[in-house]
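Chemist:
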Amino acid sequence: MADLPRPSTWRERLGRYGRALRDILYGMTTYEMVRDLRKDRARLEHLFVLITMGDLLGIPILPPYYALRLLPYVVPCIEGWRCCLLRERDLTDLTDFET
Amino acid sequence: MNAITVLIISLIGIGVGYFLYAKTIDRSIIRPDGSKITPAKMFMDGVDFTPANRNVLFGYQFKSVAALGPIVGPIVAVRWGWLPALLWVILGTMFIGWVQDYGSIMVGVREEGQTFGALSFRLISRRARTILLIFIYAYLLLLMAAFGKIVGFDLMTNPAVPLGVLLVMALGMAAGHMTYKLKMDILVTTGIVVVFSFVGIWLGTLGPIKSLIVTINGGANSPVVFGSVTWAQFLWSLVVLVLCYLGATLPIWRWAQPINYVAFWIVFLGIVGGTVGLVLWHPSIPADFPALSSFDGKLGDLMALGPLWPLLFVTIACGAVSGWHSLVSSSGTSRQLELETDALYVGGGSMFLEMFLAVLSLLCATVGVGYDKYVALVGKGANAGVFANGLATFLNQIGVPVSFGLPYGAVFLTLMALTIMYLCVRFMRVASAEFLGDAIPVIRNTAVGTIVALVLSALLIWTGFWSYVWILFGGSNQLMASLALLIISLWLKAKGKNYLWVFLPFFFMFITSIAALLTTAYQVIAANLKGGLAIDKVVGNWIAGGLAIFLSLAALVLAWDAIRALARPAEAPKTAQA
């Protein structure tokens, strides 16, 4: 018979609320900076993949000789890369930009 | 009525609105599924689509939507009496505000992160997207005018304020350098810059500094430069525009982002300190501050604002319902939502928290300042000064001297305004490049595009009446909210779900916004035709009247497209595969 979940003590509940408050404060402060840095890194990575493997999107780019060596590293992010590059963009996307 | 009673009523409103009404809608109609993959997890491109923890997203959503709107709106709206303002803040949020924010997130999540531009194109009509962009541009322009006037004409002309603002900005840049270039620990950086920011605000209150600023302002009674604009107002609004130029053109990490980071701490500590002071003091709303003044908003010697309906409902925008939230929710939050079940907590929860901020602002005006001082300040055009004075009174209850609290409140508001103004100018620059870039290629240049946006903003800042600009700003904002609610209604209808809980708010907001715009157009044009106004007011009134009529016409075109969209049959249900 499976063990029933132990009811949380007031300490555990307090700890949960404390972590929630910390996360909320993080969301109000540093999260945007981290997100912007991640976006910048992702854009650079996407640009690199575009200039080395742009033929995957039908862009007439001759793959460089080291493309096969890079392929194992690129394959996990190909879907995200395609989605980002081919997604239709709108002026309203700017509202997500550094509020 | 005691201020604590008002806070308790607000908390009851939050409780009933969130735990009863919102959760019922969430459970019975939308039915979010925690096991369904959201766009954030589905795409995970590392740029726009990245999942985030619900509490982190709550903080992000709240910070993105809360600006000067929930603070200034209630301060203006108490001219109709504090009771209608309070009722609109609470009931508007309970029945409309959270609906828009939460609905925008859910539509974005269920439609693979599509923006409202794309959705308006698909669900309403081709030109609905163009109309949405027109509303957005008008909203940004009017926001620049409204906030620019508040900061340049009201806050920065106070001799105790400019040095504090400029020092905080310099410290913000230093924080950026310390974080990104020197790779210092963020907590150490925060501690250093926040402490020095307080020192900087205090330095601005010193006698010699204030005397210097008064001299720069051209004396205690600053001379008039043109129309009714004084040298001090002209100079500081120019400074604000220059700061906006830097914020819109410099790299994000160098200027806007670190200054926004430091500004957040100034604002956060002010709100926390003010709330603690208010609770400890727990004053009653003065008996001479009317619960209901008059239907036309005439309070004491202040000029009548106009009819309570429709103007109250656009005067308080962000504290009750705001179209800007729908854009942030659909373009930002919906692409970071980890689970569908987080949407109500993030979207609805942050809207209810913003409602609480609006109630605090209302209490600043009523109990913090009192009737006589309120009338005196607003009569001088110091609407934002009302909040600064009220906050200073609350902070005084926890030992902060008023001589520091007052400029602190003014710096608080200035930073909040500038935070959103940088983004607006960036947006306007990109929008003008998109619309006019083919016909006028030079507008694609970053500097040229930014200057064009600032010149248009300056035209509205230096002309016209602030109260009319604020109402137009609220009107364009609420038109965007109506459009968002319409999109959500059509989406629900297309899915065969009950949409009345969204459609009725849409109908109310749509009619109210158009009525407010047309009322304002009538008021400004009538004032011009009556004569006797300074040239800057005349020019500003014509611009305001023209904008109001233009937006109303765009809204009527949208109404026609909406009727046709509503008449379309719902999507045929997908047949099960054999």
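From first to last, the protein sequence lines stand for chains Y and F. Going by our numbering, the first residue of the first sequence is number 1, and it counts up by one from there. Going by our numbering, the first residue of the second sequence is number 1001, and it counts up by one from there. Glycine residues also receive a C-beta, built at the ideal position from the N, C-alpha and C atoms.
Tell me, please, whether the CB atom of Asp93 (chain Y) is closer than 8 Å to any CB atom in chain F?
Modeler: The count along the first sequence starts at 1 and reaches residue 93 (chain Y) at position 93. Yes - at least one Cβ of chain F is within 8 Å of the one on Asp93 (chain Y).
Chemist: Can you tell me where the beta strand (DSSP E) holding Val945 (chain F) begins and where it ends?
Modeler: Here chain F covers residues 1001 to 1578 and nothing more, so residue 945 (chain F) does not appear.
Chemist: Which first and last residues belong to the alpha helix (DSSP H) in which Ser1211 (chain F) is found?
Modeler: Within the second sequence, residue 1211 (chain F) is the residue found at index 211, counting from 1. Start and end: 1207–1216.
Chemist: Could you list which residues in chain F have their beta carbon closer than 9 Å to that of Glu32 (chain Y), in chain order?
Modeler: As a first step, residue 32 (chain Y) must be located in the first sequence, where it is residue number 32. Within chain F, the residues near Glu32 (chain Y) are Tyr1060, Lys1063, Ser1064, Gln1257, Asn1260, Tyr1261.
Chemist: Between Ile1271 (chain F) and chain Y, is the shortest Cβ-Cβ distance under 8 Å, so that the two count as touching?
Modeler: Taking the second sequence and counting its residues from 1, one reaches residue 1271 (chain F) at position 271. No, Ile1271 (chain F) lies away from the interface with chain Y (no Cβ there is under 8 Å from its Cβ).
Chemist: Going along the stretch 11–36 of chain Y in order, which residues come within less than 9 Å of chain F, judged by CB to CB distance?
Modeler: Arg19, Ala20, Leu21, Arg22, Asp23, Ile24, Leu25, Tyr26, Gly27, Met28, Thr29, Thr30, Tyr31, Glu32, Met33, Arg35, Asp36
Chemist: From the DSSP output, in three-state form, read off Ala1052 (chain F) for me.
Modeler: Locating residue 1052 (chain F) in the second sequence gives position 52, where the first residue counts as 1. Ala1052 (chain F): strand per DSSP, three-state reduction.
Chemist: Count the other C-beta atoms from every protein chain shown that fall within 10 angstroms of the C-beta of Lys1530 (chain F), then say buried if there are 16 or more, exposed otherwise.
Modeler: Within the second sequence, numbered from 1, the residue matching residue 1530 (chain F) stands at position 530. Exposed: under 16 other Cβ atoms inside 10 Å.
Chemist: Assuming the contact rule is C-beta atoms closer than 8 Å, Ile1029 (chain F) and Lys1497 (chain F) should be a hit. Round their C-beta distance to whole Å, please.
Modeler: Stepping through the second sequence from its first residue, residue 1029 (chain F) is reached at position 29. Stepping through the second sequence from its first residue, residue 1497 (chain F) is reached at position 497. That belief holds up - the Cβ atoms of Ile1029 (chain F) and Lys1497 (chain F) are roughly 6 Å apart, short of 8 Å.
Chemist: Does DSSP classify Asn1002 (chain F) as helix, strand or coil?
Modeler: Counting from one through the second sequence, the residue named residue 1002 (chain F) turns up at place 2. Note: Asn1002 (chain F) maps to strand in three-state DSSP.
Chemist: Answer yes or no: does any C-beta atom of chain F fall closer than 8 Å to that of Gly54 (chain Y)?
Modeler: Translated into the one-based positions of the first sequence, residue 54 (chain Y) becomes position 54. It does not: the Cβ of Gly54 (chain Y) has no partner Cβ on chain F nearer than 8 Å.
Chemist: With a floor of 4 residues, list each alpha helix (DSSP H) that falls wholly inside the stretch 1383–1415 of chain F, ordered by position along the chain.
Modeler: Secondary structure in the stretch 1383–1415 of chain F: the alpha helix (DSSP H) runs of 4 residues or longer, each lying completely within the stretch, are 1383–1396 in chain order.
Chemist: Pick from F:Val1430, F:Gly1464, F:Leu1460: whose alpha carbon is nearest that of Gly1449 (chain F)?
Modeler: The residue labelled residue 1449 (chain F) in the question sits at position 449 within the second sequence. Residue F:Val1430 is the option with its Cα nearest to Gly1449 (chain F).
Chemist: With a threshold of 8 Å between beta-carbons, can Ala42 (chain Y) be considered close to chain F, or not?
Modeler: The sequence position of residue 42 (chain Y) within the first sequence is 42, counting from 1. Interface criterion met: the Cβ of Ala42 (chain Y) is under 8 Å from a Cβ in chain F.
Chemist: When the Cβ atoms of the stretch 19–39 of chain Y are set against those of the stretch 1046–1062 of chain F, are three or more pairs found closer than 8 Å?
Modeler: yes
Chemist: One question on the structure: do Ile1316 (chain F) and Ala1077 (chain F) come within less than 8 Å of each other, judged by their Cβ atoms?
Modeler: By one-based count along the second sequence, residue 1316 (chain F) stands at place 316. By one-based count along the second sequence, residue 1077 (chain F) stands at place 77. Using a Cβ distance threshold of 8 Å, Ile1316 (chain F) and Ala1077 (chain F) count as a contacting pair.
Chemist: Could you work out which residues of chain Y lie near Thr1450 (chain F), taking near to mean beta carbons separated by less than 7 Å?
Modeler: Position 450 of the second sequence holds residue 1450 (chain F). Within chain Y, no residue comes near Thr1450 (chain F); the closest Cβ sits about 14 Å away, beyond 7 Å.
Chemist: Measuring only between beta-carbons, confirm whether Ile1186 (chain F) sits less than 8 Å from chain Y.
Modeler: Sequence index remark: in the second sequence, residue 1186 (chain F) carries index 186 (1-based). It does: the Cβ of Ile1186 (chain F) has a partner Cβ on chain Y nearer than 8 Å.
Chemist: Could you say which of F:Leu1517, F:Leu1500, F:Ala1559, F:Asn1477 lies nearest to Leu1141 (chain F) if we only look at CA atoms?
Modeler: Along the second sequence, one-based indexing puts residue 1141 (chain F) at 141. Cα-wise, what sits closest to Leu1141 (chain F) is F:Asn1477.
Chemist: Return helix, strand or coil for Ser1294 (chain F), following the three-state DSSP convention.
Modeler: Against the second sequence, residue 1294 (chain F) aligns to sequence position 294. Looking at Ser1294 (chain F) - three-state DSSP - the assignment turns out to be coil, as it is neither helix nor strand.
Chemist: Looking at C-alpha atoms only, which residue of F:Ser1197, F:Ala1022, F:Leu1459 is the closest neighbour of Leu1269 (chain F)?
Modeler: Stepping through the second sequence from its first residue, residue 1269 (chain F) is reached at position 269. Here the closest residue by C-alpha is F:Ser1197.
Chemist: Please confirm whether Cys1318 (chain F) and Gly1069 (chain F) have their CB atoms less than 8 Å apart.
Modeler: As a first step, residue 1318 (chain F) is located in the second sequence; it is residue number 318 there, counting from the start. As a first step, residue 1069 (chain F) is located in the second sequence; it is residue number 69 there, counting from the start. A Cβ-Cβ contact shorter than 8 Å links Cys1318 (chain F) with Gly1069 (chain F).
Chemist: Can you check whether the C-beta of Val1047 (chain F) is within less than 8 Å of a C-beta belonging to chain Y?
Modeler: Numbered from its first residue, the second sequence carries residue 1047 (chain F) at position 47. True, the Cβ-Cβ gap to chain Y drops below 8 Å.
Chemist: Tyr26 (chain Y) and Gly1059 (chain F) - do their beta-carbons sit closer together than 8 Å?
Modeler: For the purposes of this step, residue 1059 (chain F) is taken as residue 59 along the second sequence, with counting starting at 1. For the purposes of this step, residue 26 (chain Y) is taken as residue 26 along the first sequence, with counting starting at 1. Taking 8 Å as the cut-off, the beta carbon of Gly1059 (chain F) is found closer than this to the beta carbon of Tyr26 (chain Y).
Chemist: If you draw a straight line from the alpha carbon of Pro1573 (chain F) to that of Ile1266 (chain F), how long is it in whole angstroms?
Modeler: Within the second sequence, the letter at position 573 stands for residue 1573 (chain F). Within the second sequence, the letter at position 266 stands for residue 1266 (chain F). Because Pro1573 (chain F) sits at a pLDDT of 48, beneath the cut-off of 50, its placement in the model cannot be relied upon, and the following sentence gives the value as read from the coordinates. Their Cα atoms are separated by approximately 52 Å.
Chemist: Please report the straight-line C-alpha distance between Phe1508 (chain F) and Val1314 (chain F), rounded to a whole angstrom.
Modeler: By 1-based counting over the second sequence, the position of residue 1508 (chain F) is 508. By 1-based counting over the second sequence, the position of residue 1314 (chain F) is 314. About 12 Å.
Chemist: In chain Y, which residues lie less than 7 Å from Leu1133 (chain F) when you measure between Cβ atoms?
Modeler: Within the second sequence, residue 1133 (chain F) is the residue found at index 133, counting from 1. Residues of chain Y with a Cβ closer than 7 Å to the Cβ of Leu1133 (chain F) are, in chain order, Leu91.
Chemist: Could you check how far apart the C-beta atoms of Pro1589 (chain F) and Asn1217 (chain F) are, in whole angstroms? I think they sit under 8 Å.
Modeler: One cannot answer for residue 1589 (chain F) here, as it falls past the ends of chain F, which runs 1001 to 1578.
Chemist: Can Phe1116 (chain F) and Ser1330 (chain F) be called in contact, C-beta distance under 8 Å?
Modeler: Here residue 1116 (chain F) corresponds to residue number 116 of the second sequence, with the count starting at 1. Here residue 1330 (chain F) corresponds to residue number 330 of the second sequence, with the count starting at 1. The answer is yes: Cβ separation under 8 Å.
Chemist: Along chain Y, which residues have their Cβ under 8 Å away from the Cβ of Asn1477 (chain F)?
Modeler: If you number the second sequence from 1, residue 1477 (chain F) lands on position 477. Identification of chain Y residues near Asn1477 (chain F) by a Cβ-Cβ cut-off of 8 Å yields none; the smallest Cβ-Cβ distance measures about 13 Å.
Chemist: Does the stretch 1363–1381 of chain F come close enough to the stretch 1236–1251 of chain F that 3 or more CB-CB pairs lie under 8 Å?
Modeler: no
Chemist: Compute the distance between the beta-carbons of Ala1145 (chain F) and Leu1460 (chain F), then report whether it is under 8 Å.
Modeler: Indexing the second sequence from 1 puts residue 1145 (chain F) at position 145. Indexing the second sequence from 1 puts residue 1460 (chain F) at position 460. Yes, Cβ-Cβ distance for Ala1145 (chain F) and Leu1460 (chain F) is below 8 Å.
Chemist: Between which two residues does the alpha helix (DSSP H) containing Ile1090 (chain F) stretch?
Modeler: Numbered from its first residue, the second sequence carries residue 1090 (chain F) at position 90. It spans 1082–1092 - the alpha helix (DSSP H) in which Ile1090 (chain F) sits, taken as one unbroken run.
Chemist: In angstroms, rounded to a whole number, what distance separates the CA positions of Ile1252 (chain F) and Phe1427 (chain F)?
Modeler: Start at 1 with the first residue of the second sequence, and residue 1252 (chain F) comes out as number 252. Start at 1 with the first residue of the second sequence, and residue 1427 (chain F) comes out as number 427. Rounded to whole angstroms, Ile1252 (chain F) to Phe1427 (chain F) spans 14 Å at the Cα level.
Chemist: Roughly how many angstroms lie between the CA atoms of Leu1479 (chain F) and Gly1323 (chain F), to the nearest whole one?
Modeler: The residue you call residue 1479 (chain F) lines up with position 479 of the second sequence. The residue you call residue 1323 (chain F) lines up with position 323 of the second sequence. Approximately 7 Å between the Cα atoms of the pair.
Chemist: Return the residues of the stretch 1170–1197 of chain F that lie within a Cβ-Cβ distance of less than 7 Å from chain Y, sorted by chain order.
Modeler: Ile1186
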